[in-house]
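**Q** Residue numbers (my numbering): 32 to 307. Backbone N, C-alpha and C fix where the C-beta goes; we use that ideal spot for every residue, glycine too. For clarity, every value in this text was computed on a predicted model and none was experimentally measured.
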Amino acid sequence: MSALVELSEVGKRYGNVIALRDITLEVHEGEITCVLGDNGAGKSTLIKIVAGLHRHDEGVFRVEGKEVSFGSPREALEHGIATVYQDLAVVPLMPVWRNFFLGSEKRVGRGPLKRLDIGFMRATAKKELLDMGIDLRDVDQPIGTLSGGERQCVAISRAVYFGAKVLILDEPTAALGVKQAGVVLRYIAQARERGLGVIFISHNPHHAYPVGDRFLLLKRGRSIGYYTKDEITLAELTAQMAGGAELDELAHELESAGVKGAPELRDEARDLGVSD
Ligand SMILES: Nc1ncnc2c1ncn2[C@@H]1O[C@H](COP(=O)(O)OP(=O)(O)OP(=O)(O)O)[C@@H](O)[C@H]1O
Ligand SMILES: [Mg+2]
């Protein structure tokens, strides 16, 4: 069976800046593909290509085996690719159920009698959220009163309800505390259980590793590694993210500044096999 999303040697430049080069990646049904990398590594550029905001200019992008190049997010959505951005587009003062159906409101009646089907939308939002294990006291409360984590969860269950096959999450846990990040990670895993293919962007290997099935590590627009879970441990992933040489360098700097613990940091880099 072909992958839901497949990138093969994809590249993208912005004028003279090469933002991505030679990127290969697969997203399968019921799997979470994590994209990790530091600031400026090219993570957002990568998902913007898949989400239809930018066109790639090298390589091949396939959705369910067919080559595509999206001109707009609408096109991506028509192929079942939904994106949850970090700065969620919600209307804070509107109720949760209203935000759940934003842009896809359900109406009843005809002609001049056509009106919003509030009862249906309220009940459906409540049920869908409950099915994902999100028990809100009241779907009439303004979405602005929910925590950041709860809002991410609403966005995830909304994408599931509207039939997304691929769910892209751009750093959904970055601004969250440990407990809330845990809750969001649980719903990401639930989206996978429902058979979606998830692309999960993160800076944090401790968030990505427990839920991820595949890991793409980016650095300055290039892949520095692409692994399935059985090919890499959390310690190795963390070390690769930190960059072995850089970790060693940092230890040197801390050491010469007289910071306690620096030799241990260097030993750790060495134990992980990342230091030369
Ligand atoms: N619209 C643009 N025009 C020109 N250069 C851009 C544009 N968007 C991104 N870049 C450049 O492309 C490179 C990759 O940027 P990108 O936003 O994809 O990184 P990122 O991994 O998402 O970083 P962050 O973690 O900071 O969000 C950077 O050097 C960035 O400056
Ligand atoms: Mg980014």
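Excluding the 5 residues flanking D261 on each side, which residues of the same chain have their C-beta closer than 8 Å to its C-beta?
**A** Taken in chain order, the list of residues that qualify is empty.
**Q** Return the Cβ separation of L198 and A222 in integer angstroms, given the expectation that the two are a contact with Cβ distance under 8 Å.
**A** 6 Å between Cβ atoms; contact.
**Q** Between I219 and V209, how many whole angstroms is the CB-CB distance? I'm expecting something under 8 Å.
**A** Actually they do not touch by this definition, with Cβ atoms about 16 Å apart.
**Q** Within its chain, find whatever has a CB closer than 6 Å to the CB of R308; leave out the 5 residues flanking it on each side and keep chain order.
**A** This structure cannot settle anything about residue 308, because the visible part of the chain is limited to 32 through 307.
**Q** Is it buried or exposed for Q172, if we count other Cβ within 10 angstroms and need 16 for buried?
**A** Classification of Q172: exposed, given that the 10 Å Cβ count is below 16.
**Q** With DSSP run on the structure shown, which of helix, strand or coil describes G68?
**A** It is a strand residue.
**Q** Kindly give me the distance between the Cβ atoms of S233 and T204, rounded to whole angstroms, as I take these residues to be in contact under 8 Å.
**A** Indeed they touch by this definition, with Cβ atoms about 7 Å apart.
**Q** Out of F193, G42, D201 and P241, state which residue places its alpha-carbon closest to the alpha-carbon of G213.
**A** Closest option to G213, Cα to Cα, is P241.
**Q** DSSP state of V213, grouped into three classes?
**A** In the sequence under discussion, the amino acid at residue 213 is Gly, which differs from the Val named in the question. It is helical.
**Q** Can you give the beta carbon distance from V170 to R153, rounded, assuming they're within the 8 Å contact cut?
**A** Indeed they touch by this definition, with Cβ atoms about 6 Å apart.
**Q** In angstroms, rounded to a whole number, what distance separates the CA positions of A113 and A190?
**A** One C-alpha to the other measures close to 6 Å.
**Q** Roughly how many angstroms separate the alpha carbons of R225 and V58, rounded to a whole number?
**A** Straight-line Cα distance between these residues: approximately 15 Å.
**Q** So what does DSSP say about D13, is it helix, strand or coil?
**A** As displayed, the chain neither begins before 32 nor continues past 307, which places residue 13 out of reach and without an answer.
**Q** Here's the rule I'm using: 16 or more other beta-carbon atoms within 10 Å means buried, otherwise exposed. How should R182 be labelled?
**A** Buried, by the Cβ-count rule.
**Q** Can you tell me whether Y258 is helix, strand or coil according to DSSP?
**A** Residue state, collapsed to three classes: strand.
**Q** Quick one: give me the first and last residue of the beta strand (DSSP E) that G90 is part of.
**A** E89 to V94 is the span of the beta strand (DSSP E), which, as asked, contains G90.
**Q** Which class does Y45 belong to by DSSP, given the choice of helix, strand or coil?
**A** If DSSP states are grouped into helix, strand and coil, Y45 belongs with the strands.
**Q** Look at T312 and S75 and say whether their C-beta atoms are less than 8 Å apart.
**A** One cannot answer for residue 312 here, as it falls past the ends of the chain, which runs 32 to 307.
**Q** Return yes when the C-beta of Y240 is under 7 Å from any heavy atom of ligand 1, and no when it is not.
**A** Because no heavy atom of ligand 1 lies under 7 Å away, the Cβ of Y240 does not count as near it: no.
**Q** Please name the residue, chosen from H238, F131, H237 and G179, that lies closest to Y192 on a Cα-to-Cα basis.
**A** It is F131 whose Cα lies nearest to the Cα of Y192.
**Q** Quick check: does the Cβ of K79 come within less than 7 Å of any heavy atom belonging to ligand 2?
**A** For ligand 2, not one heavy atom lies less than 7 Å from the Cβ of K79.
**Q** Taking 7 Å as the cut-off, is the CB of S100 close to at least one heavy atom of ligand 2?
**A** S100: no, Cβ never under 7 Å from ligand 2.
**Q** Which residue from E284, H237, S287 and V290 puts its Cα closest to that of T269?
**A** Measuring from the Cα of T269, the nearest candidate turns out to be H237.
**Q** Count the other C-beta atoms from every protein chain shown that fall within 10 angstroms of the C-beta of V115, then say buried if there are 16 or more, exposed otherwise.
**A** With 16 or more Cβ atoms within 10 Å of its Cβ, V115 is classed as buried.
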